[in-house]
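In what follows, a structure is listed as structure tokens, so that the remarks can point back to it.
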Amino acid sequence: MNQSKELTREIHPSNSEKEVNSSNNGKKQQECNKYIYSRWMVFLVLMSSIAVTLYFHNGKHNSPVKNNSAEFLMPPNPQRTDTKPVPSYTQLHIFKQAAVCSDSQVCSQVGRYIFEKNGSIVDATLATMFCSGLSNMQSMGIGGGFIMNLYIKQEGKAYTLDAREISAKASTRDMHLHDPTTTNEGPLSIATPGELKGYWEAHKRFGKLKWNEIIQPTIDICKNGFEMSKHMYDSLHTNSKVKMDKQLRQMYVDEHSNEFYKPGTIIKPDKLCRTLEIIAEQGGDSLYIGKLAEMFASDLKDMGSIITKHDLEEYEVRWNDSIPIDINGDIMYVIPPPASGILVSYIVNILKNYNFKPEDISSVNSTILTYHRIIEAFKHTYGKRTQIGDPKYVNIDDLVKNLTSSEYAENIRLTIDENSTKDGPQDYGGQFYIKDSHGTAHISVLGPNGDAISVTSSVNFYFGAAMTGNRTGIIVNSGMDDFSSPGLLNYFGLPGSERNYIQPQKRALSSMAPTIVVGKDGNVKLVVGAAGGTKITTAVAMIIIKMLWFNNDIKEAVDTPRIHHQLIPMALQYEFGNLDGVLQGLESKGHKTFRYRERGSIVCGIAQNGTGIYANADFRKGGEVVGF
Numbered sequence: 026m027n028q029s030k031e032l033t034r035e036i037h038p039s040n041s042e043k044e045v046n047s048s049n050n051g052k053k054q055q056e057c058n059k060y061i062y063s064r065w066m067v068f069l070v071l072m073s074s075i076a077v078t079l080y081f082h083n084g085k086h087n088s089p090v091k092n093n094s095a096e097f098l099m100p101p102n103p104q105r106t107d108t109k110p111v112p113s114y115t116q117l118h119i120f121k122q123a124a125v126c127s128d129s130q131v132c133s134q135v136g137r138y139i140f141e142k143n144g145s146i147v148d149a150t151l152a153t154m155f156c157s158g159l160s161n162m163q164s165m166g167i168g169g170g171f172i173m174n175l176y177i178k179q180e181g182k183a184y185t186l187d188a189r190e191i192s193a194k195a196s197t198r199d200m201h202l203h204d205p206t207t208t209n210e211g212p213l214s215i216a217t218p219g220e221l222k223g224y225w226e227a228h229k230r231f232g233k234l235k236w237n238e239i240i241q242p243t244i245d246i247c248k249n250g251f252e253m254s255k256h257m258y259d260s261l262h263t264n265s266k267v268k269m270d271k272q273l274r275q276m277y278v279d280e281h282s283n284e285f286y287k288p289g290t291i292i293k294p295d296k297l298c299r300t301l302e303i304i305a306e307q308g309g310d311s312l313y314i315g316k317l318a319e320m321f322a323s324d325l326k327d328m329g330s331i332i333t334k335h336d337l338e339e340y341e342v343r344w345n346d347s348i349p350i351d352i353n354g355d356i357m358y359v360i361p362p363p364a365s366g367i368l369v370s371y372i373v374n375i376l377k378n379y380n381f382k383p384e385d386i387s388s389v390n391s392t393i394l395t396y397h398r399i400i401e402a403f404k405h406t407y408g409k410r411t412q413i414g415d416p417k418y419v420n421i422d423d424l425v426k427n428l429t430s431s432e433y434a435e436n437i438r439l440t441i442d443e444n445s446t447k448d449g450p451q452d453y454g455g456q457f458y459i460k461d462s463h464g465t466a467h468i469s470v471l472g473p474n475g476d477a478i479s480v481t482s483s484v485n486f487y488f489g490a491a492m493t494g495n496r497t498g499i500i501v502n503s504g505m506d507d508f509s510s511p512g513l514l515n516y517f518g519l520p521g522s523e524r525n526y527i528q529p530q531k532r533a534l535s536s537m538a539p540t541i542v543v544g545k546d547g548n549v550k551l552v553v554g555a556a557g558g559t560k561i562t563t564a565v566a567m568i569i570i571k572m573l574w575f576n577n578d579i580k581e582a583v584d585t586p587r588i589h590h591q592l593i594p595m596a597l598q599y600e601f602g603n604l605d606g607v608l609q610g611l612e613s614k615g616h617k618t619f620r621y622r623e624r625g626s627i628v629c630g631i632a633q634n635g636t637g638i639y640a641n642a643d644f645r646k647g648g649e650v651v652g653f
């Protein structure tokens, strides 16, 4: 590897700790754009002349990060006063009629192909999702579940399709107390998947092309094999159980070295390919009733799961109206509970009467106050998050009314102290801990007729439960980890929310927040959503804020280094690239801060105005946008 690539790799803000270490071992990484590289080379020359000691950022400093094989320096927070973010290597794509944004360039191309065949917005989205469930099986797939926000321009209305996983009929609230690790690994972590049933129901209602036509591109990719992505490779290292599953081991592990195959390796999941062919022939309900359902039920039984054939037969999706929120004349459509759309609306409603404008982030001092206000809105919002539950099992009518009310949010805004923050979760209504998840993917689509879809799908953790059906080749989710259990405390000694306790055939609280913003003329202005567990809500809210109030384009909004506060832990989490002066200013107001090194949230965003369609895929994961 030449020296310039290696240096760029070491310092690029999207790299995780493992990625930086891998550069020291000579592993390949995509070269960042020349603009970023040149700026960092200046930094390296300056830094080479002085000794640098880095401390954990508890006020002013960063800490050295150590690894078993190497020690390396973490770049300090930027000192510059220019608040404009350094652009990433991704392109701002511009189209005239339609756009598809996903975690995979190939899958985005599949979506465009379906549009070109005169498919509907649902046809194109489902084709993209089938493909993503294959090429990004670490994040989503037919063994998981999704939530879709669908805007139909001709109707001037948006719908929510909830196809999330549900607990098995035999589930009990104390089923994990004997061993808390069973919530996120092993057979008791598996929830009844809803992904494929959701595809089927969406296609029946809004599809135009034949069912098999939207699956065939994925079948072709499956049979020919696809390249392992860098994100998939990184995800393998986060779930050690992958090596214990026979089929996953065959796909991803070199038996001679016992190491994972490298990015670029061709993956061919033969059994899953055959399952997709059966689904194309027999329909999307074939995994729930019929011979394929029997095969899948047998797979689950062999794994030790409590999910039965009857659980599959009784699974039902939920159709709801998306919730319209007025934002100064624009309409923001958010999804109802048990997902987190109402949390996005709460953040935006708290902040909208500040009447933010671009000048509010044009200098370090103005950014400090603006970010302080935003962080306080985050904290109030996460204080409400654990009050959300499945509305079929708990009454949350008043909660939904409050979190979507401008008046209620304004009363909260008036309590925000401009000069200081508070340290107690109870000051923001927080009583329970918040679980996190990582195995998630998001897809945003805008069609040529003005319809739009924002959809988030998940298997919960990377590669779900790390268990694969011996007959079907389906990777199953670890969705039970999204529930709370009585008697189990988190690291901070806080219990889980009773509203999110396990009950038979219940949906768990979800961080998913696929969102669509529509202008006064009925035309879509923004299609946005994210992957990233509890960081989803704040990421989506920040994109909306930056687009609507700070006049960012979609690339600027996605590229900007993110901030996140979920109340517990009581600290502002921030990405590399946030200015040191801003962070010091926030610390002077009482905010404790720490920098996270993982990718955090991954956004797919599409924006539209009178001049065209603008789209950007997040550099943090390496997806792509296509359109026409």
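With the sequence shown counted from 1, adding 25 to any position gets you the numbering used here. The C-beta atom is built at its ideal place from N, Cα and C for all residues, glycine as well. Predicted model only: the values in this text are computed from it and were never measured.
Less than 7 Å separates the beta-carbon of Cys156 from that of Cys132. According to the DSSP secondary-structure assignment, Ser482 is paired through a beta bridge with Phe171 and Ala466. When the Cα atoms are used, Phe403 and Tyr433 turn out to be separated by approximately 15 Å. For Glu649, the enclosing beta strand (DSSP E) has its first and last residue at Glu649 to Gly652. Rounded to the nearest whole angstrom, the C-alpha separation of Met276 and Thr493 is 11 Å.
About 5 Å separates the Cβ atoms of Ala555 and His467, confirming a contact at the 8 Å cut-off. Residue pairing for His228: DSSP places it in no beta bridge. Residue environment analysis places His281 among the exposed positions, since fewer than 16 neighbouring C-beta atoms fall within 10 angstroms of its C-beta. Residue nearest to Arg624 within the set Met269, Ile191, Asn634 and Pro586 is Pro586 (criterion: CA-CA distance). A direct Cα-Cα distance of roughly 5 Å separates Asn237 from Ala305. Remark: fewer than three beta-carbon pairs, one from each stretch, lie closer than 8 Å, so the region 401-419 and the region 600-617 are not flagged as touching.
Residue environment: Arg137 is assigned as buried (16 or more neighbouring CB atoms within 10 Å of its CB, all protein chains considered). Contact annotation, Leu394 with Ile167: C-beta distance approximately 47 Å; criterion of less than 8 Å not satisfied. If you compare the alpha carbons of Gly309, Leu301 and Glu338 with that of Glu319, the shortest gap goes to Glu338. Taking C-alpha positions only, Gly144 is separated from Gly232 by approximately 7 Å. The alpha-carbon of Gly158 is positioned some 25 Å away from that of Ile568.
CA-CA distance, Thr429 to Ile367, rounds to 6 Å. When secondary structure is reduced to three states using DSSP, Asp346 falls in the strand class.
Taken in chain order, the whole alpha helix (DSSP H) runs of length 4 or more contained in the region 594-618 are 605-613. In the DSSP assignment, Leu186 falls within the unbroken beta strand (DSSP E) covering Lys182 to Ala188.
Taken through DSSP and simplified to helix, strand or coil, Lys426 comes out as helix. As computed with DSSP, Ala124 is found in a beta bridge with Leu471 and Gly652.
Judged by pairs of C-beta atoms under 8 Å, the region 498-514 touches the region 197-217, as three or more such pairs exist. Under the three-pair Cβ rule at 8 Å, the region 287-303 counts as touching the region 496-509. Bridge partners of Met357 according to DSSP: Ile350 and Val542. Just measuring C-alpha positions, the residue of His262, Ile292, Lys287 and Thr263 sitting nearest Cys247 is Ile292.
Of the residues assessed, Leu573 falls on the buried side of the cut-off, its CB having 16 or more other CB atoms within 10 angstroms. By the C-beta criterion, the region 319-336 is judged to be in contact with the region 181-198, since at least 3 inter-stretch pairs fall below 8 Å. Counting the other Cβ atoms within 10 Å of the Cβ of Gln412 gives 16 or more, which makes it buried. Sixteen is the threshold: when 16 or more other Cβ atoms of the shown chains lie within 10 Å of the Cβ of Ser164, as they do, the residue is buried. For Met173, the closest of Pro103, Ile478 and Val484 by C-alpha to C-alpha distance is Ile478. The beta-carbon distance between Ile638 and Ala124, rounded to whole angstroms, is 5 Å. This is short enough to meet the 8 Å contact definition. For Asn249, the secondary structure class from DSSP, reduced to helix, strand or coil, is helix. Segment contact: the region 413-429 against the region 469-477, fewer than three CB-CB distances shorter than 8 Å; contact not assigned.
Within the same chain, Cβ atoms closer than 6 Å to the Cβ of Ser503 are found at Asn209, Ser214, Asn485, Phe486, Gly489 and Ala490, the five residues on either side in sequence being excluded. Annotated as proximal: Gly223 and Val342, with beta-carbon spacing under 7 Å.
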